[in-house]
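A.B. asks: Can you keep this structure in mind? I'll have questions shortly.
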Ligand code: NAP
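Residue numbers (this note's numbering): -5 to 242.
What follows is the structure in structure tokens.
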């Protein structure tokens, strides 16, 4: 029996990067997978096809996680199609880096809305169905930057630190209902998000990473499988750093 057989997962931002790796790992472990994207329709459809070929039910939804209304409709649509949601991964996220003196209100608002408000939007609408289902696992993809901060990323670090406080609070609210909520704090992972960094910045990070390499999406996905499955059945309210030792 596969670790996630009989379970349905919803992953926000699954068209590429870490989200696509999580969707893949869930499908490989037998879960049905619904995932979202905003603009990469072609990539999203390719991921959905790939997951279906693994023999699970998989579907891509165009849905902006920062929109309360779209998130509410998304949960309704997924429940209609899949019947239940056992696992929610709040993965959708963006950066709009700038030093505080230069950061615009738009850069601040966009990052907080996409990374933090989205986590509220999806969690808010998935909790009732999870309660009805007598269990669930919510995984919020935060960042090590939310733990120790980063110059030039005050908006991003604040959103990711917010996700940690949110996760711990939800764990305390619904633990008695057998719903777990944890955060994962990835270090520097090879995706389009980190491709934007210049070589000098990357070198600087590598110096401080004990494992001397960037991480891979699959390595975040492995931690998600642990927290989503019964392997993590007694783990809630925690922040799991997956960062090659950077946060040590
Ligand atoms: P990425 O390669 O840029 O992919 C971002 C994904 O999120 C895409 O699927 C994108 O969809 C989706 N997305 C963006 N805005 C959205 C919205 N409003 N609603 C729904 N989906 C949205 O990013 P990544 O590197 O995989 O990062 C994934 C998560 O891990 C983020 O929360 C990020 O902050 C976190 N993280 C990443 C790193 C890293 O080193 N890469 C480190 C720590 C934490 P489209 O394709 O349609 O744009």
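All C-beta atoms in this analysis are idealised placements derived from N, C-alpha and C, irrespective of residue type, glycine included.
Please read these numbers as outputs of a predicted model, since none were measured by experiment.
1) Let me check one thing: in DSSP terms, what residues is residue 244 bridge-paired to?
2) Out of 54, 50, 84 and 27, state which residue places its alpha-carbon closest to the alpha-carbon of residue 37.
3) Give the DSSP bridge partners of residue 104, in chain order.
4) I'd like to confirm something about residue 33: is its beta-carbon nearer than 7 Å to some heavy atom of the ligand NAP, or not?
5) For the stretch 107 to 114 against the stretch 70 to 80, are there 3 or more C-beta pairs whose distance is under 8 Å?
6) If I measure Cβ to Cβ from residue 86 and keep anything under 6 Å in the same chain, skipping five residues before and after, which residues do I get?
7) Taking only three categories from DSSP, how would you classify residue 6?
8) Is any heavy atom in the ligand NAP found nearer than 7 Å to the beta carbon of residue 183?
9) Does residue 50 come out as helix, strand or coil in the three-state DSSP assignment?
10) Within 10 angstroms of its Cβ, does residue 11 collect 16 or more other Cβ (buried), or is it exposed?
11) Under the rule that 16 or more other beta-carbon atoms within 10 Å means buried, what is residue 242, buried or exposed?
12) Decide if the stretch 139 to 150 is in contact with the stretch 192 to 202; the criterion is three or more beta carbon pairs, one per stretch, under 8 Å apart.
13) Only counting the same chain, and skipping five residues up and downstream in sequence, which positions put a Cβ closer than 6 Å to that of residue 124?
14) For residue 142, count neighbouring Cβ atoms within 10 angstroms of its own Cβ and tell me buried if that reaches 16, exposed if not.
15) Quick check: does the Cβ of residue 18 come within less than 7 Å of any heavy atom belonging to the ligand NAP?
16) Beta strand (DSSP E) containing residue 156: first to last residue?
17) Are residue 158 and residue 169 touching if we call contact CB-CB under 8 Å?
18) Does the structure place the stretch 227 to 237 close enough to the stretch 30 to 50 that three or more beta carbon pairs sit under 8 Å?
19) How would you label residue 95, buried or exposed, when you count the other beta carbons within 10 angstroms and need 16 or more for buried?
20) Secondary structure at residue 182, three-state DSSP: helix, strand or coil?
21) For residue 86, which of helix, strand or coil comes out of DSSP?
22) Compute the beta-carbon to beta-carbon distance between residue 208 and residue 183, rounded to the nearest angstrom, for a pair I have assumed lies under 8 Å.
23) Sort 99, 156, 42 and 34 by Cα distance to residue 84 and report the nearest one.
C.D. replies: Straight from the coordinates:
1) Because the chain here runs from -5 to 242, residue 244 falls outside it and cannot be looked at.
2) On the chain shown, position 43 is the one that residue 37 refers to. The shortest Cα separation from residue 37 among 54, 50, 84 and 27 belongs to 54.
3) Taking the first residue of the chain shown as position 1, residue 104 is located at position 110. None, per the DSSP bridge assignment.
4) Residue numbering aside, residue 33 sits at position 39 when the chain shown is read from its first letter. Within the cutoff, so yes.
5) no
6) Mapped onto the chain shown, residue 86 falls at position 92. Within the same chain, residue 86 has close Cβ partners 6, 7, 59 and 112.
7) Counted from its first residue, the chain shown places residue 6 at position 12. Reduced to three states, the DSSP call for residue 6 is coil.
8) Locating residue 183 in the chain shown gives position 189, counting from the first residue. Residue 183 Cβ: within cutoff of the ligand NAP.
9) In the chain shown, residue 50 corresponds to position 56, counting from 1. DSSP places residue 50 in coil when its eight states are reduced to three.
10) Position 17 of the chain shown, counted from the first residue, corresponds to residue 11. Flag for residue 11 reads buried.
11) Walking along the chain shown from the start, residue 242 turns up at place 248. It counts as exposed.
12) no
13) For the purposes of this step, residue 124 is taken as the residue at position 130 of the chain shown. For residue 124, where only same-chain residues beyond five positions count, the Cβ hits under 6 Å are 130 and 173.
14) By 1-based counting over the chain shown, the position of residue 142 is 148. Classification of residue 142: exposed, given that the 10 Å Cβ count is below 16.
15) Here residue 18 is taken as the residue at index 24 of the chain shown, counted from 1. Incorrect: residue 18 has no Cβ contact closer than 7 Å to the ligand NAP.
16) Here residue 156 corresponds to residue number 162 of the chain shown, with the count starting at 1. No beta strand (DSSP E) contains residue 156, which is instead part of the alpha helix (DSSP H) from 148 to 168.
17) Within the chain shown, numbered from 1, the residue matching residue 158 stands at position 164. Within the chain shown, numbered from 1, the residue matching residue 169 stands at position 175. No, the pair does not count as a contact, with Cβ atoms beyond the cut-off.
18) no
19) Counting from 1 along the chain shown, the entry for residue 95 is found at position 101. Residue 95 should be labelled exposed.
20) Position 188 of the chain shown holds residue 182. Looking at residue 182 - three-state DSSP - the assignment turns out to be coil, as it is neither helix nor strand.
21) Position 92 of the chain shown, counted from the first residue, corresponds to residue 86. Three-state result, residue 86: coil.
22) In the chain shown, counting from the first residue as 1, residue 208 sits at position 214. In the chain shown, counting from the first residue as 1, residue 183 sits at position 189. About 6 Å; that satisfies the 8 Å criterion.
23) Numbered from 1 along the chain shown, position 90 holds the residue referred to as residue 84. When each option's Cα is compared against that of residue 84, the closest is 156.
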